[in-house]
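Here the structure comes first, spelled out in structure tokens, and everything after it is commentary.
In our numbering, the protein residues as written are 1 to 431.
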């Protein structure tokens, strides 16, 4: 219920509170999760958002609910219950813009999620996200202010998570920052409210046809256009190690979504990835491609699949698990262990893989892993144990630069979480 006012150059310089009668609907409360880059480059824009919240919270409306004001009162109450002084709680109650504590740029959950033996309950991941992204960025007075319960209180009534999407250079599966930020806040909301929020991409790619797209639909479209599309896979296979690594990244990001928002990843998606890259049911020569160009990337794909099953997120059959474990152990035997990634250092996953092998193959696999762990105990040997990972699983410098540029676009986008029923979205869902 607040309108931006632009100068002659189109820059937003001021705000206008839209009267309730003119607005014709309730004022919708929002929480904004900002990236570190956007925080650093556009601090004045974040302050404008905070000013808009304060204006909306103070509005005296007739005829329509003021959900911003109601939420502000509730946040103040929750903070006081946690032991915050009433005066401080009132000052903090209008904070809606949050980002990394201590000026940090990441959420800290990516490394945690991919190291599956470091957590057993998703609440551990959610707590890490809420802590690391709980600093308020609203004004010069409280810039970077952190209170352990503030973000939790702000998320207390969240219904919907929305992530802007401005171009075709990334998708929810191809870029890890999407599940890191959008998936992370979704996990945080589920932890705070006990319910899974709806999730949408605000699709601005075509300015003549801007729309809201359900996250699950976006993931389905991207997977079928890329990693499950034989034409796309053939094109990827015309490349080398870097191309193989892109497939690995998509599979890893699929696992990331399984952790942060399970309902957008169906069991069938994992079945199809298994068919394409383990059994090669399309006869594309995928395994031969990985063995030739990047065996470490296929080793990582099989490890991701096994960890997804070990965590109970993919209901794989015994036959599927036996085949994946067999392929993984064979790659370790032929090319050595990458020494990092999903299987490296994850003893629980290593035991799970060994448990799906014959006694003889399990012994051979365990010997290989033990040798790798022994080599990693010294700094010199540890470096050599990482060669396969660095040379074959990770993308090259040029690809890394491209990914960084793509990442900037997404992390600069502000992640908006609506904390009231969104009328337009609800109408779309009913249709």
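All C-beta atoms, glycine included, are put in the ideal place defined by N, C-alpha and C.
For residue 30, the closest of 222, 1, 43 and 44 by C-alpha to C-alpha distance is 1. Cβ contact annotation for residue 350 (same chain, cutoff 7 Å, sequence separation greater than five): 343 and 369, in chain order. Residue 6 sits in a strand when the DSSP states are folded into three classes. With respect to the 8 Å criterion, residue 306 and residue 324 are classified as neighbours on the basis of their beta carbons.
For the pair of segments examined, the segment 65–78 was found not to touch the segment 117–124: the number of CB pairs separated by less than 8 Å stays below three. Burial of residue 276 is indicated by the presence of at least 16 other C-beta atoms within 10 angstroms of its C-beta.
For the 8 Å CB-CB criterion, residue 332 and residue 252 do not form a contact. Per DSSP, the unbroken alpha helix (DSSP H) holding residue 45 starts and ends at 43–58. In its chain, beyond the 5 residues on either side, 107, 108, 109, 184, 185, 187 and 188 have a beta carbon closer than 8 Å to the beta carbon of residue 129. For residue 214, the uninterrupted beta strand (DSSP E) run begins and ends at 211–214, by DSSP. A Cβ-Cβ contact shorter than 8 Å links residue 100 with residue 135.
Under the criterion of beta carbons closer than 8 Å, residue 137 and residue 98 qualify as touching, at roughly 7 Å. Relative to residue 272, the option among 262, 254, 9 and 367 whose CA is nearest is 254. Per the Cβ contact rule, the segment 45–57 is in contact with the segment 137–155 (3 or more Cβ pairs under 8 Å). For the 8 Å CB-CB criterion, residue 154 and residue 96 form a contact. Around residue 259, the same chain offers 113 as residues with beta carbons nearer than 6 Å, after the five sequence neighbours per side are excluded. Bounds of any alpha helix (DSSP H) do not take in residue 342, whose DSSP letter is neither H nor E. As DSSP reads the structure, residue 164 sits in a beta bridge with 202.
For the pair residue 61 and residue 27, the CB atoms are nearer than the 8 Å cut-off. In the DSSP assignment, residue 14 falls within the beta strand (DSSP E) that extends over 12–17.
CA-to-CA, the gap between residue 228 and residue 93 works out to about 47 Å. Judged by their CB atoms, residue 373 and residue 115 are not nearer to each other than the 8 Å cut-off. Counting of Cβ neighbours within 10 angstroms places residue 200 among the buried residues, the total reaching 16 or more. The beta carbon of residue 64 sits closer than 8 Å to the beta carbons of 20, 23, 24, 25, 26 and 27 from its chain, once the five residues preceding and following it are set aside; these are given in chain order.
Annotation for residue 190: 196 place their beta carbon closer than 6 Å to its own, counting only its chain and skipping 5 residues before and after.
In terms of Cα proximity to residue 68, the closest of 54, 81 and 78 is 54.
A distance below 8 Å between beta-carbons, with the five flanking residues on each side excluded, links residue 337 to the following residues of its chain, in chain order: 299, 343, 344, 368, 369, 372, 385 and 388. The C-beta distance from residue 297 to residue 247 rounds to 7 Å, short enough to fall under 8 Å.
Straight across, the Cα-Cα distance linking residue 288 with residue 208 is about 44 Å. Setting aside the 5 residues that flank it on each side, residue 18 is surrounded in the same chain by 1, 2 and 3, each with a C-beta closer than 7 Å to its C-beta; the list follows chain order. With 16 or more neighbouring CB atoms inside 10 Å of its own CB, residue 147 falls in the buried class.
When the five nearest sequence neighbours on each side are left out, the beta carbons in the same chain lying within less than 6 Å of the beta carbon of residue 236 are those of 243, in order along the chain. Bounds of any beta strand (DSSP E) do not take in residue 100, whose DSSP letter is neither H nor E. Beta-bridge partners assigned by DSSP to residue 27: 66.
Residue 145 sits in a strand when the DSSP states are folded into three classes.
Counting every other CB atom within 10 Å of its CB across the protein chains shown gives residue 41 a total below 16, marking it as exposed.
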